[in-house]
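Right, one structure below, let's go through it.
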Amino acid sequence: MKLLLWLSAFLSPVLASTTQIPLTEDQPISTFSVYQSNVSPDHSIRIKRQNATLCNTPVDQYTGWLDVGHKHLFFWYFKAENPAPDSESEPLALWLTGGPGGSSMLGMLQELGPCLINEHGNGTDYNPYGWNKETALIFVDQPAGVGFSYVDEGEPLPGDSFTSAADMHLFLQLFVSQVFPEHGEGPLVITGESYAGHYLPALGAQIVSYNALHPKQPQVPLKSVAIGNGYVSPLDTAYGYWETLCTTNPGVKEPVFNETRCDIMATNLPRCLSVAQTCYENPDPAICQAASSVCWEGVIKYYDGESYAGGRNRFDITAPCDIDDVCYANTALIQDYLNLPSSFSALSVPSAVKNFSVVSEEIERAFQLTSDIPISLKPEVVFLLSSQIDVLIYQGNLDLACNTAGAKRWTADLSWKGQAEFTAKVLRSWE
């Protein structure tokens, strides 16, 4: 990880038993507690305690679903290992995996959770580097339809980041005000990777706007947003394909592509950027889908079209792709592990969820039918900065799909009061 950019605002459920009892440490793991929202009558949270059978960690952990209308969002929550003593409020971090359609169980069991899938795929190992050392940590499968989350039969799937943000805001509002009120004063950091570069700015803006418009309603105490290799600005990401593949800027000895292929991409890039800008200015689905096609044919396909098992890896330009388009064998282990009957039983997965998939192709298709994928979320990032919300953009240089070159380009192009000071800063390596 080489580049660190810091932006600051100053610079039909299967329920063994469903009850209304509060959560306690000695609550039977077969028992759900249900919290009905005091704000909105159509949403509630059902939650149950988990032991360390599925996730090998010493901390208290809980799983459940937010039920909001016809949508049901699955979550997995972990207490902090070393909470601050005598603190009246406990920090909370939310993790969202990208996609669109990626399950946050990938982040939990492969990257930063309190436990990681073991090499045999039949259990988990304690993760000494989990992100819940001093803060509670929650993973949510969203939008509804991803992972263990689902919609009622015959109901539509969400197809854009702003609809998803509204659902996630309802979840967080109920979670920190009624389920775990020790998080009610915050701080809350929302974080994620890849397409979370769309999810998180939309969610952050939703939280800030609601808090300002409804000061007497339960507030979500958002403090900061952290985006890792985020898909924030598709136009700049497309530009970054050329720089990442045709220069040594990512830290490689030789460019990935030869001069002939790079010349073709360079010739096609201006038209791609032009039509992408048209989509930004006129976010009509037909216009944006046409823009996406132009950029795919002229720029992106030269690498992504060769990304498959045994081919190129979109997430590490120096490595081959191990398995399918996700490229990492652990993802298959995670999917198989969570599909075990014992996993379904422990989580009390509703009958509406037939199986667990690490990536929802249905959600991906739903998003492709709207303008969400091609649009930029830079305006929402500016809004967050202007609202005194800290924003961290961190990058791994070998990722192509959400590349560093594109991130440098869009962060340098933000219009906010701290921009001059920010652009004057020297980039530094991750420590």
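For the sequence shown, the residue numbers in mature numbering (1 follows the signal peptide of the UniProt record, and there is no 0) are -16 to -1, 1 to 415.
Even glycine gets a Cβ: it sits at the ideal position worked out from N, Cα and C.
| query | result |
| --- | --- |
| For residue 161: DSSP bridge partner residues | DSSP lists no partner for residue 161. |
| Reference residue 192; option with closest CA among 157, 349 and 333 | 157 |
| Beta-carbon contacts of residue 356 that lie in its chain and below 6 Å, excluding the five residues immediately before and after | 144 and 145 |
| Three-state secondary structure assigned by DSSP to residue 70 | coil |
| Simplified DSSP assignment, three categories, for residue 141 | coil |
| DSSP bridge partner residues for residue 288 (one or two, in chain order) | The partner list for residue 288 (beta bridge, DSSP) is empty, contrary to what the question assumes. |
| Rounded distance between the beta-carbons of residue 307 and residue 293, thought under 8 Å | 5 Å |
| Residue interval of the alpha helix (DSSP H) (run including residue 276) | 269 to 279 |
| For residue 300, the three-state DSSP class (helix, strand or coil) | coil |
| Euclidean distance between Cα positions of residue 28 and residue 358 | 33 Å |
| Counted within 10 angstroms of its Cβ, other Cβ atoms place residue 399 as buried (16 or more) or exposed | exposed |
| Cβ pair residue 201, residue 23 closer than 8 Å | yes |
| Reference residue 104, options 75, 319, 73 and 376, closest by Cα | 319 |
| Buried versus exposed call for residue 32 [16 or more other C-beta atoms within 10 Å across all chains shown] | buried |
| DSSP-derived helix/strand/coil call for residue 122 | strand |
| Neighbourhood of residue 232 by C-beta distance below 8 Å, restricted to the same chain and skipping five residues each side | 238 and 239 |
| Residues of its chain near residue 101, where Cβ-Cβ distance is below 7 Å and the 5 sequence neighbours each way are ignored | 93, 94, 108, 314, 317, 318 and 321 |
| Three-state secondary structure assigned by DSSP to residue 365 | helix |
| Selection from 210, 215 and 253 that minimises the alpha carbon distance to residue 223 | 253 |
| Candidates 30, 186, 379 and 117: closest to residue 44 by CA position | 117 |
| Which of helix, strand or coil DSSP assigns to residue 414 | coil |
| Residue 25, buried or exposed, once every other Cβ within 10 Å from all chains shown has been counted against 16 | exposed |
| Beta-carbon proximity check, residue 348 vs residue 85, cutoff 8 Å | yes |
| Where the beta strand (DSSP E) through residue 178 begins and ends | 172 to 178 |
| Where residue 131 sits in the DSSP three-state scheme | coil |
| Sub-8 Å separation of residue 172 and residue 207 beta-carbons | yes |
| Cβ neighbours of residue 362 in the same chain (closer than 7 Å, five flanking residues each side left out) | 216, 217, 394 and 398 |
| Beta-carbon proximity of residue 190 to residue 128, cut-off 8 Å | no |
| 3 or more residues per run - each beta strand (DSSP E) lying fully within the segment 216 to 278 | none |
| Same chain, Cβ closer than 7 Å to residue 284, neighbours up to 5 away in sequence not counted | 222 and 225 |
| Nearest candidate by alpha-carbon position, reference residue 159, set 214, 204, 274 and 63 | 204 |
| Whole-angstrom distance between residue 89 and residue 48, CA atom to CA atom | 14 Å |
| Residue nearest to residue 301 in terms of C-alpha spacing, selected from 384, 280, 330 and 259 | 384 |
| Nearest-angstrom Cα separation, counted from residue 297 out to residue 288 | 8 Å |
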